[in-house]
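Inspection log for the structure reproduced underneath, given as structure tokens.
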Amino acid sequence: MRIHHLTVAAIVAVVPALAGACQQALDPAAALQQTRDRLLADLTRLPRYTCVQAITRRYFGAPIHLRQPRCSELIAAHDSRNHELSTQAWDRLRLEVAIVENDIVYSWVGAPQFEKGNMEKLAGRGPLGSGDFGFFLSEILRRAGVSFQGEEVVDGRRLLKYSYDMPLGKSGYSVRTDEGWALTAYSGTFLLDPAGADIARLTVRTAELPPGGNACWATSEVDYGRTLIHDHMVLIPRETRLRTIRRDGSEAFSVTTYSGCREYASKSRMLLEAPPGSAGAGAERPSAPPNALPEGLHLHTRIVTPIDFDTAWAGDSIEAVLRSPVRDKKHNIEAPTGSRLHGRLVRFAHASEPFDHFELGIELESIEINGRSVPLRAARYFSPSAMTPIIASRLPASATDDRSLGIGTFRFRGDRSHLKNFESEWITVSTNEKSDRP
């Protein structure tokens, strides 16, 4: 839950042998078979590599004239519309994706390890696909019915266009529903480069999605290219464009670009904990750092990493310092003033409702105590003195938090352009605490 025709008459008249070779090179069936053989061989021996994904997502409001529409009506309305719906919000995030033993794992950029099964957590509230690195290609080339459609010229290249259809009985494309994952049929087109026996572009369009989820339909278009990784020219997605239609009529459109692809050489990064941090500052020091801070401790922090709203992405690392010592219930010092905290922006978004504002989700991950990096999970703390009734739209910052994830959400009016030395209060929570969100 991604892109001129050469005249050969003179060549035919002068060099018939070359004309025959050109005709063979552009034979649709031969080009398809040659490319299929190459791609399937490549996909079975993919090297271990990682790329950075930069994802920008826009969210569009539902048409106001629609009242409890059916999915078929929403899909038909989208196909016939020649303009975008009104934009309500956008967000952006950067992830690192690794291909290890033909499996896909994700992390924040620069995180100490990859984790399986955390795609939904990292994706946040928006759509994110995971088939761009070869799943669709492998399945289509092995099991789909394919038909030649004609020729196209894209960026000066003469390409061959094919359509395909993947029925439900052969499909491995699954989407999340209330009852779990469900398969869907899909179809689309792809463009092959006969000169290089390679794929240039793939489109994937689902059938109407099964009930039980919040989406009606999704389509993606992926542009492919090759890059040198460990002495091999590896096929990677260059850009993916994904559009989804929700059952309430709203839509989302995301553009994902890929960069920094390189060999992933060490398994240790998949398995080991984060490396220890540097020593903290301050004269007040506890005798020995704990394995993790207990719940119920108050943290008065100042974020010292400047956050520029024009350039910030979810996934960016941030640092903060303690403005006062952290004490336990017996007033013993757990962490001194000036201790460094490490965290991350896990959400960076802009929305126009209920007022024009930016939304930042911040997660504190660890604190440095006596030269050790101590794990940390904390939620925002609201002191009683701050709980006076104020109109939300007038607040410079407000919050809707998920305590179980240890994420504090802050809202800032849209005319603000940066954040520097931002102060906030937190309270440590248990990693087993249940979410209050329904």
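0 is the number of the first residue of the sequence shown in numbering that gives the first Met the number 0; add one for each residue after it. Virtual Cβ for every residue (Gly too), placed ideally from N, Cα, C.
Tell me the rounded alpha-carbon separation between residue i and residue j.
i	j	result
H96	A291	Going by the sequence as given, residue 96 is Val instead of His. Taking the straight line joining both Cα atoms gives about 29 Å.
S258	C50	6 Å
T427	T218	42 Å
L182	H231	34 Å
R376	Y223	40 Å
V254	R237	11 Å
A143	E150	20 Å
G211	L84	25 Å
A273	Q112	With a pLDDT of only 36 at A273, under the threshold of 50, the placement of this residue in the model should not be trusted, and no figure is reported.
T176	P209	8 Å
P293	E362	17 Å
L25	Y185	27 Å
N331	S423	22 Å
L359	G314	11 Å
T226	L234	7 Å
L39	E138	10 Å
V320	T408	19 Å
H297	S323	10 Å
I306	K419	7 Å
E220	S429	42 Å
Quick one: does residue i have its CB under 8 Å from some CB of chain C?
i	result
G224	In the structure shown, chain C cannot be found, because there is only a single protein chain.
According to DSSP, simplified to helix, strand and coil, what is residue i?
i	result
H77	helix
A377	strand
P68	coil
K160	strand
D197	strand
F135	helix
H417	strand
P111	coil
T239	strand
T43	helix
T304	coil
L84	coil
L359	strand
A30	helix
E318	strand
E424	strand
L227	strand
D36	helix
Identify, in the order they occur along the chain, each residue of the same chain with its Cβ nearer than 7 Å to the Cβ of residue i, setting aside the five sequence neighbours on each side.
i	result
Q23	Residue placement at Q23 is poorly supported in this model, since its pLDDT is 45, which falls under 50; the coordinates are not used for a value here.
P374	A291 and S365
C215	C70, L73, I74, E207, L208, I244, R245 and R246
Do residue i and residue j have their C-beta atoms closer together than 8 Å?
i	j	result
I98	L45	yes
R57	A251	yes
D123	R346	Just to set this straight, residue 123 is Gly in the shown sequence, not Asp. Result yes, Cβ atoms of G123 and R346 sit closer than 8 Å.
Y263	R47	yes
H341	G413	no
W312	Y380	no
Y172	T205	yes
W89	H417	no
Q67	A196	no
A199	V153	yes
R93	A53	yes
E100	S106	no
L136	L31	no
G179	V203	no
Q87	E367	no
Check whether the segment 237–247 and the segment 156–172 are in contact - that is, three or more C-beta pairs closer than 8 Å. no
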